[in-house]
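Novice: In our numbering, the protein residues as written are 8 to 523. Submitted below is the structure of interest, expressed as structure tokens.
And the structure:
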């Protein structure tokens, strides 16, 4: 059994976890340069992007400068207790010539006593002390706490003894209101938003531990892994850990494409990161619609949505055109599958017995049952032919026509046929169709290729339409394009993205074939 070196829960120790701890050299050096100038810093980023690990790395790099690290996830009973905790850390880590008196909390107040303590403290062998306050948004009375440090920052101009202090705070979306804008208590700080890992850092995170374990990849699989995670440190660690577990008992230590697909499926089921993302969108109507619009290919300027780069897992980032995009393909794939099952979808048309979607596909013949596969093939050739016309109805009313490209039309016919086949196999309507890949199109082409003869005929039809070769990502792109066009006639949710085994896209509605 291989000992798995990857860790995807909790912060990393720069020494003990060196082999899997990305150095973030550029960002570390940027903050160190600011510390030398006396800058205060705000380190921001979504959860599990590596903020706490970054603080540990920074503390190591600036040694022997003493660092007072405080994680405020622990809730204390009073404001005095917070200041007492900081003082205790100072006295433990900073050799002092004198220990100032600070205990008259009731007489002078906690803030004044703490301010005087810092002002009177004379360290023995250090000209600088760096405070690192992690999860700062959880401090009781955080605004007054940061206002005190703001006063210390400004008072350095008059009291030289305060120049030795540098403050670094860290947190997620709670830092936006605390650090941005003229009325924020900590707008004096410089901001660093932790980004995804650089490509070289992602490669090293994969290569160094895998080579130590003598694990190899099938051609192209490592590139696919890097592309899917797009430098998200926690997701990359999690996937690598799952991959190591998968092959740990094999004689041949080589990671295959199937291994990666299965690891991603397991990640979607078990990742707390993904569950947080789902709950975040489930409870935030504004974010729900933003994500849906991004999935449908709409261009939305990033600036007004900057808060969503910090909130929760930070699903939204800025693309090269300064528009919103999802942080990585893993988020995109996961969200495409779960969006239709989430709350806050008022545009979704409720389908019931009185108001169901009817997709009417006209073709030259309508067999009820196929006597042979050859008969089914002939039927599919007619269905995927250029003579087929598509209309969409709701409550018996024909909706406006939509202009579909040849490949979009073929995909819609393919989805319609999957439902038709399901009905022929004994399922009375779409509601009773099992949630399996059997009745949907998947962005994993291997799933589709198992469905014969429909997928085989579909691919040949695409070839006649000029599409000689395509990938699973194009299935997504065509589906999103169709949904965007359906939205113009208030029928976006005719196509749903599915969950469970064989995730993909499902046409929801009753399918009816008529003679042309």
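Every residue, glycine too, gets a C-beta built ideally from N, C-alpha and C.
#1: For residue 110, which option in 88, 193, 170 has the closest C-alpha, if you only look at C-alpha atoms?
#2: How far does the beta strand (DSSP E) with residue 2 in it extend, from its first residue to its last?
#3: Residue 169: which of 201, 121, 182, 197 sits nearest, CA to CA?
#4: Hey, quick one: how far does the alpha helix (DSSP H) through residue 486 stretch, first residue to last?
#5: Is residue 40 buried or exposed, if buried means 16 or more other CB atoms sit within 10 Å of its CB?
#6: Expressed to the nearest angstrom, what Euclidean distance is found between the alpha-carbon atoms of residue 351 and residue 295?
#7: Nearest CA to the CA of residue 132: which residue from 171, 160, 158?
#8: Between residue 297 and residue 323, which are expected to be in contact by the criterion C-beta below 8 Å, what is the C-beta distance as a whole number of angstroms?
#9: With DSSP as the reference, identify every bridge partner of residue 197, one or two as the case may be.
#10: Given residue 135, which residues of its chain have a CB within under 7 Å of its CB, disregarding the five upstream and five downstream residues?
#11: Under three-state DSSP, which class holds residue 75?
#12: Please go through the region 226-307 and give each complete alpha helix (DSSP H) segment of 4 or more residues, from N-terminal end onward.
#13: Taking three-plus beta-carbon pairs below 8 Å as touching, is the region 263-273 in contact with the region 308-327?
#14: Over the uninterrupted alpha helix (DSSP H) stretch that includes residue 120, give me the two end residues.
#15: Helix, strand or coil, according to DSSP, for residue 326 in the structure here?
#16: Hey, quick one: how far does the beta strand (DSSP E) through residue 177 stretch, first residue to last?
#17: Taking 8 Å as the threshold, find out whether the region 209-220 comes into contact with the region 241-259 through three or more Cβ pairs.
#18: Compare the Cα-Cα distances from residue 414 to each of 209, 20, 423, 472 and report the closest residue.
#19: Going by the beta-carbon positions, is the gap between residue 417 and residue 391 smaller than 7 Å?
#20: Could you tell me if the beta carbon of residue 455 falls within a distance shorter than 6 Å of some heavy atom in the ligand NAD?
#21: Do the CB positions of residue 266 and residue 253 come within less than 7 Å of each other?
#22: Looking at the unbroken alpha helix (DSSP H) that takes in residue 149, where does it start and where does it end?
#23: Output the distance between the C-alpha atoms of residue 13 and residue 256, rounded to the nearest integer angstrom.
#24: Determine the closest residue to residue 25 out of 63, 58, 53, 37, with distance taken between C-alpha atoms.
#25: Rounding to the nearest angstrom, what Cα-Cα distance links residue 166 and residue 236 in this structure?
#26: What's the gap between the Cα of residue 213 and the Cα of residue 23?
#27: With a threshold of 16 other CB atoms inside 10 Å of the CB of residue 238, please say whether the residue is buried or exposed.
#28: What distance in whole Å lies between the Cβ atoms of residue 487 and residue 302, which are believed to be in contact at a cut-off of 8 Å?
#29: Alpha carbons only, please: which of 157, 123, 192 is nearest the one belonging to residue 150?
#30: According to DSSP, is residue 87 part of a helix, a strand, or is it coil?
#31: Just the C-alpha distance for residue 483 and residue 293, rounded to the nearest angstrom, thanks.
#32: Quick check: the Cα distance between residue 228 and residue 234, rounded to an integer number of angstroms?
Specialist: This is what the structure gives:
#1: Translated into the one-based positions of the chain shown, residue 110 becomes position 103. Cα-wise, what sits closest to residue 110 is 88.
#2: Given that the chain is displayed from residue 8 to residue 523, the structure contains no residue 2 and the question cannot be resolved.
#3: On the chain shown, position 162 is the one that residue 169 refers to. The shortest C-alpha separation from residue 169 is found at 121.
#4: On the chain shown, position 479 is the one that residue 486 refers to. Start and end: 479-494.
#5: Position 33 of the chain shown holds residue 40. Exposed is the call here.
#6: Stepping through the chain shown from its first residue, residue 351 is reached at position 344. Stepping through the chain shown from its first residue, residue 295 is reached at position 288. At residue 351 the pLDDT is 37, less than 50, meaning the model places this residue with poor confidence; the figure from the coordinates comes in the next sentence. Between residue 351 and residue 295, the C-alpha separation is close to 7 Å.
#7: Against the chain shown, residue 132 aligns to sequence position 125. Of the candidates 171, 160, 158, the one whose C-alpha sits nearest the C-alpha of residue 132 is 171.
#8: Indexing the chain shown from 1 puts residue 297 at position 290. Indexing the chain shown from 1 puts residue 323 at position 316. Correct: roughly 7 Å between the Cβ atoms.
#9: Working through the chain shown from its first residue, we reach residue 197 at position 190. Beta-bridge pairing links residue 197 to 48.
#10: Taking the chain shown and counting its residues from 1, the one referred to as residue 135 is at position 128. Its chain contains 72, 171, 173 as the residues whose beta carbon lies nearer than 7 Å to that of residue 135, once the 5 sequence neighbours on both sides are disregarded; these appear in chain order.
#11: Working through the chain shown from its first residue, we reach residue 75 at position 68. In the three-state reduction of the DSSP assignment, residue 75 falls in the strand class, which pools E and B.
#12: 228-236, 240-254, 264-277, 279-289, 292-302
#13: no
#14: As a position in the chain shown, residue 120 is number 113, starting the count at 1. Here the alpha helix (DSSP H) through residue 120 covers 117-127.
#15: Indexing the chain shown from 1 puts residue 326 at position 319. Residue 326 falls in the coil class under three-state DSSP.
#16: Translated into the one-based positions of the chain shown, residue 177 becomes position 170. 172-178 is the span of the beta strand (DSSP E), which, as asked, contains residue 177.
#17: In short, these stretches touch, since the Cβ pair count reaches three.
#18: Counted from its first residue, the chain shown places residue 414 at position 407. It is 472.
#19: Within the chain shown, numbered from 1, the residue matching residue 417 stands at position 410. Within the chain shown, numbered from 1, the residue matching residue 391 stands at position 384. The answer is yes: Cβ separation under 7 Å.
#20: By its list of ligands, the structure shown contains no ligand whatsoever, and the ligand NAD lies outside what it can speak to.
#21: As a position in the chain shown, residue 266 is number 259, starting the count at 1. As a position in the chain shown, residue 253 is number 246, starting the count at 1. Result yes, Cβ atoms of residue 266 and residue 253 sit closer than 7 Å.
#22: As a working note, residue 149 is residue 142 in the chain shown. Residues 149-162.
#23: For the purposes of this step, residue 13 is identified with residue 6 of the chain shown, where counting begins at 1. For the purposes of this step, residue 256 is identified with residue 249 of the chain shown, where counting begins at 1. If I take the Cα positions, the gap works out to 17 Å.
#24: As a working note, residue 25 is residue 18 in the chain shown. It is 63.
#25: Locating residue 166 in the chain shown gives position 159, where the first residue counts as 1. Locating residue 236 in the chain shown gives position 229, where the first residue counts as 1. When rounded, the distance between both Cα atoms is 48 Å.
#26: Counted from its first residue, the chain shown places residue 213 at position 206. Counted from its first residue, the chain shown places residue 23 at position 16. Residue 213 and residue 23 have their C-alpha atoms roughly 17 Å apart.
#27: Along the chain shown, one-based indexing puts residue 238 at 231. That one is buried.
#28: Locating residue 302 in the chain shown gives position 295, counting from the first residue. Locating residue 487 in the chain shown gives position 480, counting from the first residue. Indeed they touch by this definition, with Cβ atoms about 6 Å apart.
#29: Along the chain shown, read from residue 1 onward, the residue named residue 150 stands at position 143. Among 157, 123, 192, the Cα nearest to that of residue 150 is on 192.
#30: Position 80 of the chain shown, counting from 1, holds the residue named residue 87. Correct three-state label for residue 87: helix.
#31: As a working note, residue 483 is residue 476 in the chain shown. As a working note, residue 293 is residue 286 in the chain shown. Their Cα atoms are separated by approximately 23 Å.
#32: One-based indexing of the chain shown puts residue 228 at position 221. One-based indexing of the chain shown puts residue 234 at position 227. So the alpha carbons of these two residues sit roughly 10 Å apart.
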